[in-house]
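>
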Amino acid sequence: MSVAEATVAPARPAGRVSGRHLLILPALAVLVVFFVAPYLNLLLISVMTPSPRAAYLRVLTLDNYARLVRDPFTWSVVWHTMWLGMATTALSLVLAYPLAYHLARSPRGARGALMVLVISPLLVGVLIRTYGWMILLQDTGLINQLLRALGLRTVPLMYNNLGVLIGLTHVFIPFMVLSIAGTIQGVDPELELAARSLGAGAWRAFWRVTFPLSLPGVIAGTVLVFVLTVSSYVIPSLLGGFTVLTIPILVVRTITELFNWPGGSALAILFFAITLGALWVYLRLAGRTGRTT
Amino acid sequence: MASLRLQGLTKRFGDVVAVHELTLEVPSGELVALLGPSGCGKTTTLRMVAGFDVPTRGRIVLGDRDITADPPERRDCGMVFQHYALFPHLTVEQNVAFGLEMRGLRRPDVERRVGEILERVGLGGLGRRYPRQLSGGQQQRTALARALVISPRVLLLDEPLANLDAKLREEMRFYIRSLQREFHITTLYVTHDQAEALVLADRVAVLMNGRLQQVGAPEEIYHRPRTPAVAAFIGLTNLLPGRVTGRSGERLVLETPAGTVRAAGAPDLREGMEAMLSVRPEHIELDRPGEPASRDGVNRLRGVVQERTFLGSLIDFRVDVGGGVLLRVQGRGGAPQRVGEQVSVSFDTTAAWALPRREG
Ligand SMILES: Nc1ncnc2c1ncn2[C@@H]1O[C@H](COP(=O)(O)OP(=O)(O)OP(=O)(O)O)[C@@H](O)[C@H]1O
Ligand SMILES: [Mg+2]
Chain A
445 MSVAEATVAP ARPAGRVSGR HLLILPALAV LVVFFVAPYL NLLLISVMTP SPRAAYLRVL
505 TLDNYARLVR DPFTWSVVWH TMWLGMATTA LSLVLAYPLA YHLARSPRGA RGALMVLVIS
565 PLLVGVLIRT YGWMILLQDT GLINQLLRAL GLRTVPLMYN NLGVLIGLTH VFIPFMVLSI
625 AGTIQGVDPE LELAARSLGA GAWRAFWRVT FPLSLPGVIA GTVLVFVLTV SSYVIPSLLG
685 GFTVLTIPIL VVRTITELFN WPGGSALAIL FFAITLGALW VYLRLAGRTG RTT
Chain B
214 MASLRLQGLT KRFGDVVAVH ELTLEVPSGE LVALLGPSGC GKTTTLRMVA GFDVPTRGRI
274 VLGDRDITAD PPERRDCGMV FQHYALFPHL TVEQNVAFGL EMRGLRRPDV ERRVGEILER
334 VGLGGLGRRY PRQLSGGQQQ RTALARALVI SPRVLLLDEP LANLDAKLRE EMRFYIRSLQ
394 REFHITTLYV THDQAEALVL ADRVAVLMNG RLQQVGAPEE IYHRPRTPAV AAFIGLTNLL
454 PGRVTGRSGE RLVLETPAGT VRAAGAPDLR EGMEAMLSVR PEHIELDRPG EPASRDGVNR
514 LRGVVQERTF LGSLIDFRVD VGGGVLLRVQ GRGGAPQRVG EQVSVSFDTT AAWALPRREG
């Protein structure tokens, strides 16, 4: 019951529901339905006393939290996980938006084929996919062999943040593309034409009309990808080796290597709270800018 | 103001020829209605003028400039879309201000002009609303205001009234007409509603299957259609096949299955030619059966009432005049004729219009 890869998220966020706050419902539903029960259990364990002999002693304490909060190491890992989440989300957004736009605006026939291509990363199991990346990215991998053959310097692409970023973006980008494509499909192409005939160039028409109207999809997509990223375990641990430490990895290690169930649980709960807080701030900000554009 | 000229405009989508060799002029300050049934290429034509579609062939000239290759934003066309295409995330004011902002006007000027035009179209006080908070008619006027406020060189309207209820449609017809006159703006008005075209337009251009059938003043289109298709499309009419057998003064003499009829006719009709006779139901009168021979200036046929339908101010008859011809006749409310009654059917020779029968 670690905070493992959450591939259970619905792939079809409600693109056309009005009121952008409803759009976080899919992400919220994932959090609530699939995490509440295990988390309640976690919550309970997190206030028990650690013990070297049993999983924990049935003695209530807040010590686990106090120790975590006071430890700067906790905060550095929290920050690093958040950073990875934001970087993956940002990279996915930048890559996904043009793709989503293209997808939403292509003729019906082509759209189906493109859709299959977009979700193809999800059709391969996480381990196989990750090993695939390892073949490409490692120091003796395809990319570096190519660089060497061309007489260039090799670039460390694995066992560092870059490798993790690439791996995470690859898996989670479909969620971003589908969220955004859904909303763009709901934006009448005639609106952009109307803007054009009123004197806006193609670029300006896009920024003033299509983009603001696609924001609900952008918000849903970014929330989804962020949540999936900060809770992912397999990709950061395989592609990151021992150099990349995120909260899920730390939670698993605390429990499986230090056998500290209460400590690991407390960390998971703490991070859950921080993630919720961050999302809350993000949605507030997004809601505000959404209203002023 | 500028005139709009379409020269040999053609648009193909794969094998479909949506518009074929369309040549049409909208004189400066006039309103030309592009009229035709669904799928005849009206929207395609408008989209080419607005710059949304690239013509396969032909040229578009606005004033003295060839704009065929210009992008939409440099054409200065005010477009009103069939479904209005208002920006849902902007208020009425912001929608209307959009074009002015794109033209780089200063804030106070934008506000003044937006205020003026909203007042003019009767939307003063609704500026802060979002399109979804407006009725159909209000959305329609917002779309008009948004197109007019930029003082476009040509106004393009794509079935602007198609989504309104009948009563509002009637009102808006006159309203659009008066706005167009007031702004003296060159206008191409697309519609499939012939009544709308006749009421609104200085000139009506009838388009069918992507081909221009006839251009002319509303009266001319209505009374002197040049092809059977136009005659059938504009208003109600009776079409009878016939053959020109001679002339009698100003009139042509035609032999029809229902008898001999004298009619005005297109100048290119010659003796011996196959023709089509068009007689409007409202131009036909029913009387007691009397003298069957035609008097000067009046055609008279004998018939039997087959059907009688009450339409309020009118009564719609179908009268069998022999030769397998059922004539549709519209009489005034109190018309006494009953089904099965023998009647005399008469119409002026000037009200009968003969046109050449060709295929296509
Ligand atoms: N993008 C397109 N691709 C292929 N065919 C098209 C396209 N746009 C229009 N057509 C075809 O061109 C013809 C004319 O279409 P158009 O939309 O101009 O008709 P319309 O006169 O505006 O009809 P309506 O009154 O129904 O709006 C139709 O046969 C239509 O199917
Ligand atoms: Mg159309």
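Residue numbers (the working numbering), protein chains in the order written: chain A, 445 to 737; chain B, 214 to 573.
By construction, the Cβ of each residue, glycine as well, lies at the ideal position given by its N, Cα and C atoms.
Remember, predicted model here, so these are calculated numbers, not experimental data.
#1: Report the neighbours of B:Gly312 on chain A: residues whose CB is nearer than 7 Å to its CB, in chain order.
#2: Can you list the residues of chain A that B:Ile528 reaches, using a CB-CB cut of under 9 Å?
#3: Going by beta-carbon coordinates alone, are B:Leu453 and B:Leu425 separated by less than 8 Å?
#4: Using the three-state DSSP reduction, which class does B:His397 fall into: helix, strand or coil?
#5: On the criterion of 16 or more Cβ atoms from any shown chain inside 10 Å, does B:Ala408 qualify as buried, or is it exposed?
#6: First and last residue of the alpha helix (DSSP H) that includes A:Met530?
#7: Inspect the beta-carbon positions of B:Ile363 and A:Gly643 and report whether they are closer than 8 Å.
#8: In whole angstroms, give me the CA-to-CA distance for B:Leu540 and B:Pro438.
#9: State the beta-bridge partners of B:Trp566 as determined by DSSP.
#10: Using 7 Å as the cut-off, classify the Cβ of B:Lys255 as near or not near the heavy atoms of ligand 2, replying yes or no.
#11: Do B:Glu409 and ligand 2 come close, with the Cβ less than 7 Å from some heavy atom?
#12: Determine, using beta carbons only, whether B:Thr404 and B:Gln393 come nearer to each other than 8 Å.
#13: Is it right to say A:Arg497 is buried, meaning 16 or more other beta carbons lie within 10 angstroms of its own, or is it exposed?
#14: Is there at least one non-hydrogen atom of ligand 1 closer than 7 Å to the beta-carbon of A:Phe650?
#15: Going straight from the alpha carbon of B:Leu357 to that of B:Gly349, what length do you get?
#16: Starting from the Cα of B:Phe396, find the closest Cα among B:Leu361, B:Leu237 and B:Ala310 and give me that residue.
#17: Buried or exposed: which applies to B:His302, given that a residue is buried once 16 or more other Cβ atoms fall within 10 Å of its Cβ?
#18: Could you tell me if the beta carbon of B:Val419 falls within a distance shorter than 7 Å of some heavy atom in ligand 1?
#19: Contact criterion: CB-CB distance below 8 Å. Does B:Ala215 meet it with respect to chain A?
#20: Quick one, are the C-beta atoms of A:Leu689 and A:Val521 less than 8 Å apart?
#21: I'd like to know if A:Val653 contacts chain B, where contact means its C-beta is closer than 8 Å to some C-beta of that chain.
#22: Any chance the CB of A:Glu634 is under 7 Å from a heavy atom of ligand 2?
#23: Let me know the secondary structure DSSP gives B:Arg345 once reduced to three states.
#24: Please report whether the beta-carbon of B:Cys290 lies at a distance below 8 Å from any beta-carbon of chain A.
#25: Which residues in the same chain as B:Ala564 place their Cβ atom closer than 6 Å to its Cβ, once the five residues preceding and following it in sequence are excluded?
#26: When you compare the CB of B:Phe265 with every CB in chain A, is at least one pair closer than 8 Å?
#27: On the three-state DSSP scale, how would you describe B:Tyr402?
#28: Can you list, in chain order, the residues of its chain whose CB lies under 6 Å from that of B:Asp529, leaving out five sequence neighbours each side?
#29: Between A:Pro551 and chain B, is the shortest Cβ-Cβ distance under 8 Å, so that the two count as touching?
#30: May I ask you to check if the CB of B:Asp266 is nearer than 7 Å to at least one heavy atom of ligand 2?
#31: Quick check: the Cα distance between B:Arg513 and B:Gly525, rounded to an integer number of angstroms?
#32: Using a 10 Å radius around the Cβ and a threshold of 16 neighbouring Cβ atoms, would you call B:Asp378 buried or exposed?
#33: Name the residue from B:Leu467, B:Ser559 and B:Ala444 whose alpha carbon lies nearest to the alpha carbon of B:Leu420.
#34: Starting from B:Phe523, trace the beta strand (DSSP E) in both directions and tell me its first and last residue.
#35: Taking 7 Å as the line, does the beta carbon of B:Asp371 fall inside it for any heavy atom of ligand 2?
#36: For B:Cys290, write down the residues that DSSP places opposite it in a beta bridge.
Well, looking at it:
#1: Leu642 and Gly643
#2: Under the 9 Å cutoff, chain A gives no residues; its nearest Cβ is about 44 Å from B:Ile528.
#3: no
#4: If DSSP states are grouped into helix, strand and coil, B:His397 belongs with coil.
#5: exposed
#6: Unbroken alpha helix (DSSP H) run through A:Met530: Pro516 to Arg549.
#7: yes
#8: 19 Å
#9: B:Ala477 and B:Ser491
#10: Indeed, a heavy atom of ligand 2 lies less than 7 Å from the Cβ.
#11: no
#12: no
#13: exposed
#14: no
#15: 12 Å
#16: B:Leu361
#17: buried
#18: no
#19: no
#20: By the CB criterion at 8 Å, A:Leu689 and A:Val521 fall inside the cutoff.
#21: yes
#22: no
#23: Reduced to three states, the DSSP call for B:Arg345 is helix.
#24: yes
#25: His496
#26: yes
#27: strand
#28: Thr522 and Gln543
#29: no
#30: At a threshold of 7 Å, B:Asp266 does not count as near ligand 2, since its beta carbon sits no closer than that to any of the ligand's heavy atoms.
#31: 27 Å
#32: Under the 10 Å beta carbon count, B:Asp378 is surrounded by fewer than 16 other beta carbons and is classified as exposed.
#33: B:Ala444
#34: Val511 to Phe523
#35: yes
#36: B:Val367
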